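J.: In this text, residue positions in the sequence shown follow my numbering: the first is 5, and each later residue adds one.
All C-beta atoms, glycine included, are put in the ideal place defined by N, C-alpha and C.
As the structure is a prediction and not an experimental result, all values here were calculated from the model.
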Amino acid sequence: MANTDESEFAQAHPKNGEKFTNLLAPLRPDWRFSVLSVKDGAFPEDLSACDGFIITGGPASVHDDAAWVDRLMEVT
């Protein structure tokens, strides 16, 4: 989850990780979903342990000067 919006509006609605899980889980009940908040520095310890990734949107940009953005760019 890469959405950095912590506004009052955003807090009143489901986070992106929850939205994508709720969207995909009924279609793929055999899949296991893990939500990692990369904006807070949470990254998979072993990328090969995951079959796929969804990088959510948000107001952050690949041009932002944030350590998590640089790390995410290295991972992708």
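Taking the alpha carbon of VAL73 as the reference point, which residue from SER38, LYS43, GLU12, ASP34 has its own alpha carbon closest?
T.: Within the sequence shown, the letter at position 69 stands for residue 73. Comparing Cα-Cα distances from VAL73 to each of SER38, LYS43, GLU12, ASP34, the minimum goes to LYS43.
J.: Output needed for ALA46: all residues of its chain with C-beta closer than 6 Å, excluding positions within five of it in sequence on either side, in chain order.
T.: As a working note, residue 46 is residue 42 in the sequence shown. For ALA46, where only same-chain residues beyond five positions count, the Cβ hits under 6 Å are LEU40.
J.: Between ALA6 and GLY62, is the Cβ-Cβ spacing less than 8 Å?
T.: Residue mapping note: residue 6 aligns to position 2 of the sequence shown, counting from 1. Residue mapping note: residue 62 aligns to position 58 of the sequence shown, counting from 1. Yes, they are a contact pair.
J.: What are the boundary residues of the alpha helix (DSSP H) that includes ALA71?
T.: On the sequence shown, residue 71 is found 67 positions in, with the first residue counted as 1. Here the alpha helix (DSSP H) through ALA71 covers 71-79.
J.: Does DSSP classify LYS2 as helix, strand or coil?
T.: No information on residue 2 is available, as it lies outside the stretch 5 to 80 that the chain covers here.
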